[in-house]
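Q: In this note's numbering, the protein residues as written are 446 to 512. All C-beta atoms, glycine included, are put in the ideal place defined by N, C-alpha and C. Quick caveat, the model's predicted, so the values are computed rather than measured.
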């Protein structure tokens, strides 16, 4: 029987746009917040009753959220 798991991630980033005109609101250093849900669906492992360990999901996502 298929199961669905969701792992939620939140990460922050910052940027500035020095080529924009002086006074442009995004020219200065400013940040953005992001929320990302990773949804996996499939059959769980009969031995562990897990579809995938959340720690393994984090290992896959972390290189992208830590850029």
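Given this structure, state the Cα-to-Cα distance separating residue 511 from residue 455, to the nearest angstrom.
A: The alpha-carbon atoms of residue 511 and residue 455 are separated by roughly 11 Å.
Q: Which same chain residues end up closer than 7 Å to residue 508 when comparing Cβ atoms and leaving out the 5 residues on each side of it in sequence?
A: So no residue of the chain qualifies.
Q: Pairs of beta-carbons, one from the stretch 446 to 463 and one from the stretch 476 to 491, closer than 8 Å: are there three or more?
A: The stretch 446 to 463 is in contact with the stretch 476 to 491.
Q: Could you check the C-alpha separation between residue 494 and residue 480 for me, to the nearest Å?
A: Going by the C-alpha atoms only, they are around 28 Å apart.
Q: If we ignore side chains and look at the alpha-carbon of each, how far apart do residue 492 and residue 505 end up?
A: The alpha-carbon atoms of residue 492 and residue 505 are separated by roughly 23 Å.
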